[in-house]
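Note that the protein sequences, when read in sequence, are chains A and B.
In the numbering used here, each residue's number is its place in the first sequence (first place is 1) plus 81.
In the numbering used here, each residue's number is its place in the second sequence (first place is 1) plus 81.
Cβ atoms here follow ideal geometry from the backbone N, Cα and C, with glycine treated the same way.
Number of protein chains: 2
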Amino acid sequence: MSSFELIKKSQSARYGKLTTAHGVVETPVFMPVGTKATVKAMTVEELEEIGFKIILGNTYHLHLRPGEEVVKKLGGLHKFMNWPKGILTDSGGYQVFSLSKIRKLTEEGVEFQSHYDGSKCFLSPETSMQIQMDLGSDIIMAFDECTPYPASFDEALKSMELSMRWAKRSKLAMIRKESLFFGIVQGGMFEDLRLKSINELKEINPDGFAIGGLSVGEPIELMHEMVNKITPHLPEDKPHYLMGVGTPLDIVVAINAGIDMFDCVIPTRNARNGNAFTSTGIVSIKQAQYTQDSSPLDPNCGCKVCKGYSRAYLRHLYINNEILSSRLMTYHNLYFYNNLIEKCRQAIKADQWTEFFNKFCAASNQSKS
Amino acid sequence: MSSFELIKKSQSARYGKLTTAHGVVETPVFMPVGTKATVKAMTVEELEEIGFKIILGNTYHLHLRPGEEVVKKLGGLHKFMNWPKGILTDSGGYQVFSLSKIRKLTEEGVEFQSHYDGSKCFLSPETSMQIQMDLGSDIIMAFDECTPYPASFDEALKSMELSMRWAKRSKLAMIRKESLFFGIVQGGMFEDLRLKSINELKEINPDGFAIGGLSVGEPIELMHEMVNKITPHLPEDKPHYLMGVGTPLDIVVAINAGIDMFDCVIPTRNARNGNAFTSTGIVSIKQAQYTQDSSPLDPNCGCKVCKGYSRAYLRHLYINNEILSSRLMTYHNLYFYNNLIEKCRQAIKADQWTEFFNKFCAASNQSKS
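Written as structure tokens, this is what we have:
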């Protein structure tokens with residue numbers, strides 16, 4: 082039986098169900114990022130209260146601290162962080178290339194220095210799979226090289242081909258029956274390389290197809306263009322995961338193209354920096370205009386932060402560096418994201434995607450102007 | 082009708098009920114410190130879940146940020162911070178003397194520099210009362226000078242006499258009917274000055290008697306000695322509040338002497354520094370011995386942190402500077418404090434105080450050795 086069921090399409094937007102070892106996830110879905118075995122500032126109870134069914138964990142960080150052996154000994158990542166629902170782990174590839182000083186990239190894998198203490202580490206398809214299996218991840222990502230932006234055609238080709246060889250090795254090494262395995266499409270900003278990558282991945286028949294190597298510094302318009310070009314070529318019967326994306330607009334644009342899964346630090350990181358997503362755009366809570374503002378962050382939001390607290394109070398907390406600022410702002414932003422995706426799912430189920438999409442884009446343009 | 086009802090005594094330990102405009106508080110009671118309109122790292126829901134019925138707010142900090150006019154305009158401190166239960170505010174006196182550069186101390190009041198930006202401020206009995214009334218505090222503290230330690234007899238006398246004159250002015254200025262008014266006993270480490278202070282306060286008949294000027298740097302034994310000397314002279318029909326105290330042992334010793342109310346930053350501050358109170362002493366979670374420790378902070382604790390998380394996970398969060406570390410550690414420590422006080426209340430109600438006290442002191446000695 083397949084882990085993914087595509088239940089409804091409305092134009093290209095898709096509503097489906099993904100079954101993991103820790104529950105069923107409705108798609109489209111947004112996965113909060115729990116880098117170091119915690120979604121920053123949140124408890125697992127709050128994540129469940131908001132409605133999340135799956136979160137993301139970072140292989141790179143957990144490998145370095147506390148180490149997958151420790152997590153495994155303590156019963157796996159779910160038990161370690163007390164999270165009973167789904168966990169997807171990335172492969173560590175992206176962080177090796179973005180956070181570490183690379184020592185040596187070979188066919189075998191990549192030698193790098195820990196960004197914590199400079200110690201020498203090594204990741205390969207096999208070690209990445211072993212780490213993710215030790216963590217007990219529900220969805221294990223292939224180990225890949227994230228092609229930087231900009232990259233020439235030849236660079237992108239070479240990088241993609243390495244990632245495809247690594248994908249095959251990853252698939253062979255991922256022997257944990259309870260876990261799903263996702264491949265990652267690479268190929269830079271070149272459509273034909275992306276299609277080649279998809280075809281190569283099809284051969285190893287992963288449980289899901291992720292698009293990697295986007296949102297790595299390219300203009301937003303180019304990212305949207307690439308998503309629109311790549312997504313139609315992904316197998317319809319598998320979940321489509323756009324890695325590391327994005328803003329509310331990015332997400333709605335990608336759902337419109339047929340993407341099912343998202344993760345991003347934007348809602349949590351922005352929250353800690355005092356920026357709240359609202360139905361009328363971003364509210365930067367540090368601004369003096371909110372000093373005596375008794376209204377909630379977003380009058381159209383039903384979250385407990387908007388029910389209980391004024392902008393004036395939230396500004397006061399932020400200005401004073403209070404932990405409660407990060408907590409309340411993060412809760413609101415995650416609620417906003419989950420609520421947005423829930424509305425997307427409803428629009429698709431009701432076959433009213435186009436109306437929803439047009440309305441959202443119009444409102445988005447308005448809040449910019 | 083009196084706001085305080087002494088219901089039961091077991092030796093000198095007292096069980097009572099204090100009625101405020103925001104609910105009834107059983108005593109002995111511990112009040113978490115919510116300096117800047119938030120008990121650091123906690124939501125109000127969590128404070129209620131733990132069982133707290135009253136918290137403390139700091140007049141000095143709230144006067145400087147966001148200012149009592151802002152809080153008043155937004156509906157008072159309860160509404161501002163979304164806390165429906167009791168609030169006691171200190172007078173600001175202690176912080177003026179501990180945090181600020183004092184410019185000038187006169188009969189009228191004290192001119193000082195804000196520790197935030199160096200701006201010139203002035204507090205007097207009348208301004209302190211006005212601020213606390215604007216905040217909408219349930220229990221308003223007299224404005225006093227906190228006598229430093231050490232102080233000579235003459236210094237302590239002079240300081241106490243000033244505080245007593247200020248107490249009278251405070252009482253006259255505190256005209257808010259919904260609020261209770263507490264006087265503060267001063268007099269340094271001199272018993273006869275303390276008795277003189279009590280007698281002067283009796284004349285203005287406050288709703289409660291606080292002991293100030295302890296836990297200001299003197300040896301713990303001296304503090305305990307002073308509490309044992311002062312408390313028996315406080316009027317039996319009024320609540321007795323020992324300000325800024327203390328450790329679990331300090332609190333139990335003070336309850337034994339007849340104290341009813343406590344506030345202290347120890348459980349919250351220690352939590353953020355990685356120190357947990359447990360039934361077998363303090364657990365410093367940063368220690369390497371906990372790296373793979375699957376046991377909870379305190380196997381004898383029923384709080385949700387001890388039910389859900391291992392020492393290994395809590396250590397991981399602390400080492401990685403995760404906000405969740407402060408959250409979980411603070412929750413546990415506040416639960417520990419509230420639970421300790423609840424046990425004290427039960428022992429008094431059951432007239433088994435002496436047994437409880439002796440057992441607690443014996444266990445306390447053991448965990449030290």
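Inspect the beta-carbon positions of residue i and residue j and report whether they are closer than 9 Å.
i: residue 213 (chain B); j: residue 172 (chain B); result: yes
i: residue 108 (chain B); j: residue 342 (chain B); result: yes
i: residue 442 (chain A); j: residue 330 (chain A); result: yes
i: residue 290 (chain A); j: residue 256 (chain A); result: no
i: residue 122 (chain B); j: residue 353 (chain A); result: no
i: residue 401 (chain B); j: residue 117 (chain A); result: yes
i: residue 385 (chain B); j: residue 412 (chain B); result: yes
At which residues does the beta strand (DSSP E) containing residue i begin and terminate?
i: residue 182 (chain B); result: 182–186
i: residue 192 (chain B); result: 191–194
i: residue 376 (chain A); result: First-last for residue 376 (chain A): undefined, no H or E at that position.
i: residue 366 (chain B); result: Careful: residue 366 (chain B) lies outside any beta strand (DSSP E) and carries neither H nor E.
i: residue 89 (chain B); result: 85–91
i: residue 104 (chain B); result: 104–108
i: residue 167 (chain B); result: 167–170
i: residue 97 (chain A); result: 94–101
Closer than 8 Å by C-beta to residue i: which residues in its own chain qualify, once you throw out the five before and the five after it? Chain order, please.
i: residue 318 (chain A); result: 83, 85, 87
i: residue 391 (chain A); result: 374, 375, 376, 377
i: residue 216 (chain A); result: 138, 140, 143, 149, 152, 153, 157, 158, 168, 170
i: residue 101 (chain B); result: 84, 135, 167, 219, 220, 261
Please confirm whether residue i has its beta-carbon closer than 9 Å to some beta-carbon of chain B.
i: residue 357 (chain A); result: no
i: residue 162 (chain A); result: yes
i: residue 401 (chain A); result: yes
i: residue 170 (chain A); result: no
i: residue 373 (chain A); result: yes
i: residue 416 (chain A); result: no
i: residue 486 (chain A); result: As displayed, chain A neither begins before 82 nor continues past 450, which places residue 486 (chain A) out of reach and without an answer.
i: residue 114 (chain A); result: no
i: residue 125 (chain A); result: yes
i: residue 151 (chain A); result: yes
Mind checking if residue i is an interface residue toward chain A, Cβ cutoff 9 Å exclusive?
i: residue 365 (chain B); result: no
i: residue 460 (chain B); result: Chain B is shown from 82 up to 450; residue 460 (chain B) falls before or after that span and cannot be answered.
i: residue 122 (chain B); result: yes
i: residue 391 (chain B); result: yes
i: residue 119 (chain B); result: yes
i: residue 397 (chain B); result: yes
i: residue 156 (chain B); result: yes
i: residue 147 (chain B); result: yes
i: residue 404 (chain B); result: yes
i: residue 175 (chain B); result: no
i: residue 394 (chain B); result: yes
Starting from the C-beta of residue i, find all residues in its chain whose C-beta is less than 6 Å away, skip the five residues before and the five after it, and write them out in chain order.
i: residue 132 (chain A); result: 419
i: residue 360 (chain A); result: 379, 381
i: residue 228 (chain A); result: 237, 240, 267, 269, 294
i: residue 356 (chain B); result: 363, 365
i: residue 178 (chain B); result: 227
i: residue 465 (chain B); result: Nothing about residue 465 (chain B) can be read from this structure; chain B reaches only from 82 to 450.
i: residue 309 (chain B); result: 338
i: residue 181 (chain B); result: 193, 194, 196
Taking the alpha helix (DSSP H) that residue i belongs to, which residues open and close that run?
i: residue 350 (chain B); result: 347–353
i: residue 154 (chain A); result: 149–154
i: residue 161 (chain B); result: 158–162
i: residue 399 (chain B); result: 392–400
i: residue 417 (chain A); result: 404–430
i: residue 387 (chain B); result: 385–389
By Cβ distance below 7 Å, which residues in the same chain neighbour residue i in space, the five residues on each side in sequence not counted?
i: residue 119 (chain A); result: 162
i: residue 372 (chain B); result: 393, 396
- [ ] Taking only runs that begin and end inside the segment 250–294 of chain B, name each unbroken beta strand (DSSP E) of 3 or more residues, in chain order.
- [x] If we require 3 residues or more, the beta strand (DSSP E) runs fully inside the segment 250–294 of chain B come out as 261–266, 289–292.
TODO: Ignoring anything shorter than 3 residues or poking outside the segment 192–250 of chain B, list the beta strand (DSSP E) runs there in chain order.
DONE: 201–204, 220–222
Task: Complete beta strand (DSSP E) runs within the segment 287–347 of chain A (minimum length 3 residues, chain order) - done: 289–292, 321–323, 342–345
- [ ] Kindly provide the ranges of any beta strand (DSSP E) runs that are 3 or more residues long and lie completely inside the segment 114–147 of chain B, ordered along the chain.
- [x] 135–138
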